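The opening position of the sequence shown corresponds to residue 1 in the UniProt record's numbering, with each subsequent residue numbered one higher. Note that beta-carbon positions come from the ideal geometry of N, C-alpha and C, so glycine has one too. None of these values were measured; they are calculated from a predicted model. To start, the structure under review is shown below, and the notes come after it.
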Amino acid sequence: MKNNNTNSDEAINVYDRRNTQDWVFHFLSNNVEEFPRYITGYDDIGKREPNDLIDDLLKRSELDSLYSRENGIMINLEHQSQYNNFKILRNTRYLLELIEKGYNVEQWVVYTGKNDITGYYSNQDIFVKTHIIQSRRIESTKILNNIYFKIGNNTHLNAYDVLDVCSFPVINHGKSNEEVVDIILDITRKCKTKPSLLNILTTCVAVWTTYLLDDGEKINEIVRELKMMGKVGFKEMWEYIEQERFRKIIKSKDEEISEMSQIIEDLLQYAPDDVKKDYRNSK
Numbered sequence: 001m002k003n004n005n006t007n008s009d010e011a012i013n014v015y016d017r018r019n020t021q022d023w024v025f026h027f028l029s030n031n032v033e034e035f036p037r038y039i040t041g042y043d044d045i046g047k048r049e050p051n052d053l054i055d056d057l058l059k060r061s062e063l064d065s066l067y068s069r070e071n072g073i074m075i076n077l078e079h080q081s082q083y084n085n086f087k088i089l090r091n092t093r094y095l096l097e098l099i100e101k102g103y104n105v106e107q108w109v110v111y112t113g114k115n116d117i118t119g120y121y122s123n124q125d126i127f128v129k130t131h132i133i134q135s136r137r138i139e140s141t142k143i144l145n146n147i148y149f150k151i152g153n154n155t156h157l158n159a160y161d162v163l164d165v166c167s168f169p170v171i172n173h174g175k176s177n178e179e180v181v182d183i184i185l186d187i188t189r190k191c192k193t194k195p196s197l198l199n200i201l202t203t204c205v206a207v208w209t210t211y212l213l214d215d216g217e218k219i220n221e222i223v224r225e226l227k228m229m230g231k232v233g234f235k236e237m238w239e240y241i242e243q244e245r246f247r248k249i250i251k252s253k254d255e256e257i258s259e260m261s262q263i264i265e266d267l268l269q270y271a272p273d274d275v276k277k278d279y280r281n282s283k
């Protein structure tokens with residue numbers, strides 16, 4: 001996992017609905033190491049390419065999601081909640097310049113809008129291999145079955161499962177906004193995962209809640225619960241309390257037994273030899 005440098009309180013207060021989907025996309029790409037593999041399916045994607053380590057072109061390009069594969073191919077990940085032809089053309093021009101400089105580049109566009117994309121946006125894409133993922137074509141049934149199967153079997157969710165939950169609101173689920181919030185909140189309450197992933201999950205669910213619901217009182221109630229779960233790690237906290245409680249009981253009993261043993265040893269010096277022998281043989 002990457003270090004989470006995003007302020008969770010700031011994240012939960014993202015109320016600008018126009019920017020919510022973009023915010024979630026960039027939050028996940030910045031904080032989940034597995035994110036580019038989750039989008040592309042490539043298992044050999046390495047680190048994100050620092051723009052200033054390549055050339056001046058990338059300093060100007062604002063391609064903030066550029067990754068490299070072990071085979072030398074570079075991957076650019078972009079998100080669009082509305083099909084922005086200008087943005088795609090702009091990025092394509094940057095990628096064409098990279099290709100002219102000898103780089104092998106693929107562009108991946110994650111499109112979470114409601115209107116289907118049926119054709120290419122420009123003849124320029126014959127030079128740039130472009131993959132367009134339309135989230136509305138991804139069915140939710142298999143994803144939910146997998147997650148609830150793991151929950152039912154007390155199996156920890158991994159990074160890809162958490163990414164599935166965080167992406168659930170923009171896939172083909174056929175649910176109302178209220179039902180979507182109920183589902184992702186229920187999963188968050190019931191699942192087990194490591195603390196860093198739990199923090200990412202609770203943050204995204206809180207942001208989606210503010211985006212999908214209109215009832216301010218209900219939003220605040222859910223966000224308060226999620227902030228506690230994310231910051232403290234409710235499940236881990238409860239397990240720790242239980243473990244500490246039993247540890248203290250055991251420690252207390254051990255101390256009592258030790259004290260009693262010392263008393264018995266002190267008394268044995270006055271006991272008959274056969275009693276001393278029987279006691280020591282019984283230990």
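Open item on the list: Are the CB atoms of Gly46 and Glu70 within a distance shorter than 8 angstroms?
Closed with: yes
TODO: Would you mind stating whether Asp164 and Ile133 have Cβ atoms separated by less than 8 angstroms?
DONE: Cβ atoms of Asp164 and Ile133: not closer than 8 angstroms.
Open item on the list: Using the Cβ count rule (16 or more neighbours within 10 Å means buried), how would you classify Tyr160?
Closed with: exposed
Task: Nearest neighbour of Asp186, chosen from Ile138, Gly41 and Thr202 [CA to CA] - done: Among Ile138, Gly41 and Thr202, the Cα nearest to that of Asp186 is on Thr202.
Open item on the list: Taking a contact to mean a Cβ-Cβ separation below 8 angstroms, would you say Leu157 touches Thr210 in this structure?
Closed with: no
Task: Val170 versus Glu179 - alpha carbon distance - done: 13 angstroms
Task: Collapsed DSSP secondary structure at Leu77 in the structure displayed - done: strand
Task: For Phe27, the nearest candidate out of Met228, Cys204 and Ile219 (CA to CA) - done: Cys204
Open item on the list: My parser needs the alpha helix (DSSP H) runs of 4 or more residues fully inside the region 156 to 200; what are they?
Closed with: 159 to 167 and 177 to 190
Task: Beta-carbon proximity list for Cys191, same chain, < 6 angstroms, skipping 5 on both sides - done: Ile151 and Leu157
- [ ] Assign Phe25 to one of two classes, buried (16 or more other C-beta atoms within 10 Å of its C-beta) or exposed (fewer than that).
- [x] Per the 10 Å Cβ criterion, buried.
Open item on the list: Going by beta-carbon coordinates alone, are residue 310 and Ser140 separated by less than 8 angstroms?
Closed with: The structure shown does not extend to residue 310, since the chain spans only 1 to 283, so no value can be given for it.
Open item on the list: From the DSSP secondary-structure annotation, give me the bridge partner or partners of residue 309.
Closed with: Beyond the ends of the chain as shown, which are 1 and 283, falls residue 309; an answer cannot be given.
Task: Span separating the alpha-carbon of Met229 from that of Pro195 - done: 9 angstroms
TODO: List the DSSP bridge partners of Arg37.
DONE: Answer by DSSP bridge pairing: none, since Arg37 is not bridged.
Task: First through last residue of the beta strand (DSSP E) which encompasses Arg137 - done: Per DSSP, Arg137 belongs to no beta strand (DSSP E) and is neither H nor E.
- [ ] Would you tell me roughly how many angstroms separate the C-alpha atoms of Arg93 and Ser81, rounded to the nearest one?
- [x] Cα-Cα distance, rounded: 21 angstroms.
Task: Ile149 classed as buried or exposed, judged by whether at least 16 other C-beta atoms fall within 10 angstroms - done: The question names Ile, but residue 149 is Phe in the sequence shown. Phe149 should be labelled exposed.
Task: Local conformation of Leu213 per DSSP, three classes - done: coil
Open item on the list: Is the beta carbon of Leu197 closer than 8 angstroms to that of Val223?
Closed with: no
Open item on the list: On the CB-based measure, 16 or more other CB atoms within 10 Å of its CB, does Ser135 come out buried or exposed?
Closed with: buried
Open item on the list: Looking at the secondary structure, which residues open and close the alpha helix (DSSP H) in which Tyr67 lies?
Closed with: Segment Leu66 to Arg69 is the beta strand (DSSP E) holding Tyr67; no alpha helix (DSSP H) there.
Open item on the list: Determine whether the beta carbon atoms of Leu95 and Asn76 lie at a separation below 8 angstroms.
Closed with: yes
Open item on the list: Going by DSSP in three states, Leu53 sits in which element: helix, strand or coil?
Closed with: Reliability fails at Leu53, whose pLDDT of 44 lies under 50, so the model's placement of it is uncertain and no value is given.
- [ ] List the whole-angstrom C-beta distance separating Phe127 from Ile99, where the pair is believed to meet the contact cut-off of C-beta under 8 angstroms.
- [x] 6 angstroms
Open item on the list: Measuring only the C-alpha atoms, how far is Lys101 from Asn220?
Closed with: 51 angstroms
TODO: Spell out the partners DSSP gives Ile45 in its beta bridges.
DONE: BP columns for Ile45 point to Arg69.
Task: Other residues of its chain near Tyr38: CB distance less than 7 angstroms, five sequence neighbours each side excluded - done: Tyr160 and Leu163
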